[in-house]
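Quick notes on the structure that follows.
There are 2 protein chains.
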Amino acid sequence: MTRIQFDREQVIRDVTRLFWQQGFGGASMQMVVKATGLKPGSLYLAFGSKEGLYQAALEHYARQSQATLCQTLEQATSIGEGICRQLLRMVEESGKVDYCSCFLVKSQLELAASGGDLQHSVSTYLTEIESLYADYLGGIYPPGQARQYAASLMLHIFGIRVYGYLGHERDLIVAAVKAGLSWLPWADCD
Amino acid sequence: MTRIQFDREQVIRDVTRLFWQQGFGGASMQMVVKATGLKPGSLYLAFGSKEGLYQAALEHYARQSQATLCQTLEQATSIGEGICRQLLRMVEESGKVDYCSCFLVKSQLELAASGGDLQHSVSTYLTEIESLYADYLGGIYPPGQARQYAASLMLHIFGIRVYGYLGHERDLIVAAVKAGLSWLPWADCD
DNA sequence: GCACTTCTTGAGTGTTCGTTCAAGCTTGAT
DNA sequence: ATCAAGCTTGAACGAACACTCAAGAAGTGC
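Protein chains in written order, with this note's numbering: chain A, 1025 to 1214; chain B, 1025 to 1214.
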């Protein structure tokens, strides 16, 4: 057995960044080889195909996103405040120089036409995130209200993920988000 | 001179549909040849490159979107009512079987990494649409308020364009949009 | 009917794509 | 020292990619 095996988690982190920036079609296996430092053979032995690699990247991103979200919501003094902080962070992200939206949103739009396994996974991950919000909100609102608030949240999150590319000033976006989600306790975040 | 020249507008309509569904990278020139019925040589003589074709498709889509928007807003009894109708139509579209979001939004996310001419065009077209909303709203609100309402509108529009893929029931989406844009005269649309 | 112009044609260009696999290498066990 | 196991290697594969161009076809002016 060879001693030095490559670090699977590190490889997944590398391909996630690459696919996130370039998309499934936009990132070639040659670029994956370069980004990971591995040779084609190793990649195919470990992940089976380009699609397998993308699947691993999606799972990694989704798990990390969900973990960050749960952590933010549980650290906050109230669920509402946690949600506000999460949204403000997204707006902040969208102002960065190398901003590249949300990996899941980009994947959803790129892969929608294919209708394959990847697209199904993406939809599942996004729906899970919505359910997560709905569950947390279900603790303080009636079920119907929680579901509708969660939908409104997702609408705004997806909105930020696209709107961020237009490069408008931070304050305008924040004001628009606050106006659309006026039921959140924004005053607690100042 | 050959008698029968191809119908440029029809060709652009065909490639728009193809690129809209498949994306820039997802649609090959072979598919363009099939979709238009033209041969590669004719396409390259008329449009120069795949990028040129995409540029033409983007322009066609943007012009048509803006025309539809203006028409909707001017036919309505008030600007607010027109905007409501426009949003409701978008939600309706998102429920269709072959739904493929908004061509500009998809292009923005796919081409953001490239940073080329296409991406610049897309950003311009999207910003034009936002300005259009802001101008119409400027007729009934102070400039600052109009700008912020326009931003909130764009946030919801982009949100609908992505959220539509999750396949939730129409009424939930409509309720969320109404909740986020409660300053619009929704009662006038029933 | 004969050049001339202009558009159409589609086989063919070189390149890059995702993927494979036989050979090589590094270890632990004998 | 030798072996077997299995990860690593990278050259090579056919297919598909965006794109080209010499030849053909159809109309116009004479």
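Where a beta carbon is used, it is the ideal one built from N, C-alpha and C, also for glycine.
A quick note: this is a predicted structure, and the numbers were derived from the prediction, not measured.
Asked                                                                                                                                   : Found
Contacts of A/Cys1124 in chain B (Cβ-Cβ under 8 Å)                                                                                      : Ala1136, Ala1137
Proximity test, Cβ basis, 8 Å: B/Lys1120 and chain A                                                                                    : no
Contact between the region 1042 to 1053 of chain A and the region 1094 to 1102 of chain A (3+ Cβ pairs under 8 Å)                       : no
Of the residues B/Gln1034, B/Phe1127, B/Ala1091, the one placed nearest B/Gly1061, counting alpha carbons only                          : B/Gln1034
Cβ pair B/Ala1059, A/Gln1045 closer than 8 Å                                                                                            : no
Backbone secondary structure at A/Gly1104 - three-state DSSP                                                                            : helix
A/Met1055 versus B/Gly1140: straight-line alpha-carbon distance, rounded                                                                : 19 Å
Touch test, the region 1109 to 1122 of chain B against the region 1188 to 1206 of chain B, Cβ-Cβ under 8 Å, three pairs minimum         : yes
Interface partners of B/Arg1113 on chain A, CB under 8 Å                                                                                : Within 8 Å Cβ-Cβ: nothing; B/Arg1113 doesn't reach chain A, min ~16 Å.
Min CB distance A/Arg1171 to chain B below 8 Å                                                                                          : yes
Proximal residues to A/Leu1150 (C-beta, below 7 Å), its chain only, five neighbours per side dropped                                    : Leu1128, Gln1132
Same chain only: Cβ atoms within 7 Å of A/Leu1208, ignoring 5 sequence neighbours per side                                              : Gly1104, Ile1107, Cys1108
Validate contact between the region 1142 to 1149 of chain A and the region 1080 to 1093 of chain A using beta carbons, cut 8 Å, 3 pairs : yes
Pair within 8 Å by beta-carbon distance, A/Thr1040 and A/Ala1091                                                                        : no
Proximity test, Cβ basis, 8 Å: B/Ala1203 and chain A                                                                                    : yes
Contact set between B/Ile1197 and chain A, taken where Cβ atoms lie within less than 7 Å                                                : Ala1175
Member of B/Ser1125, B/Gln1079, B/Gln1029, B/Arg1194 whose CA lies at the smallest distance from the CA of B/Glu1116                    : B/Arg1194
Rounded distance between the beta-carbons of B/Gly1072 and B/Ser1118, thought under 8 Å                                                 : The pair is not a contact, with the Cβ atoms about 34 Å apart (cut-off 8 Å).
Local conformation of A/Ile1036 per DSSP, three classes                                                                                 : helix
is_contact[A/Leu1156, chain B] using C-beta, thresh 8 Å                                                                                 : no
Residue-level contact to chain B via CB, A/Met1053, 8 Å cutoff                                                                          : no
Assigned secondary structure, B/Trp1044 (DSSP; H/G/I helix, E/B strand, else coil)                                                      : helix
Cβ pair A/Gln1172, B/Ala1211 closer than 8 Å                                                                                            : no
Residue-level contact to chain A via CB, B/Phe1043, 8 Å cutoff                                                                          : no
Chain A within 8 Å of B/Ile1036, Cβ atoms only                                                                                          : no
Simplified DSSP state of A/Ala1080, which is helix, strand or coil                                                                      : helix
Nearest-angstrom Cα separation, counted from A/Leu1161 out to A/Glu1134                                                                 : 31 Å
Inter-residue Cα distance where the pair is B/Gly1183 and A/Gln1029                                                                     : 43 Å
Cutoff 8 Å: B/Ser1147 Cβ touching any chain A Cβ                                                                                        : yes
A/His1180 - containing alpha helix (DSSP H), residue span                                                                               : 1167 to 1187
Chain-ordered neighbours of A/Lys1130 on chain B, where CB pairs are closer than 9 Å                                                    : Leu1133, Glu1134, Ala1136
Short CB-CB distance (under 8 Å) between A/His1192 and chain B                                                                          : yes
Span of the alpha helix (DSSP H), counted from its first residue to its last, around B/Ser1125                                          : Run containing B/Ser1125: none; DSSP gives neither H nor E here.
Nonlocal neighbours in the same chain, by C-beta distance under 7 Å from A/Ala1100, ignoring five residues either side                  : Gly1106, Arg1109
Where B/Phe1127 meets chain A, residues with beta-carbon distance less than 9 Å                                                         : Neighbours of B/Phe1127 on chain A: none; closest Cβ ~11 Å, over 9 Å.
Which of helix, strand or coil DSSP assigns to A/Ser1138                                                                                : coil
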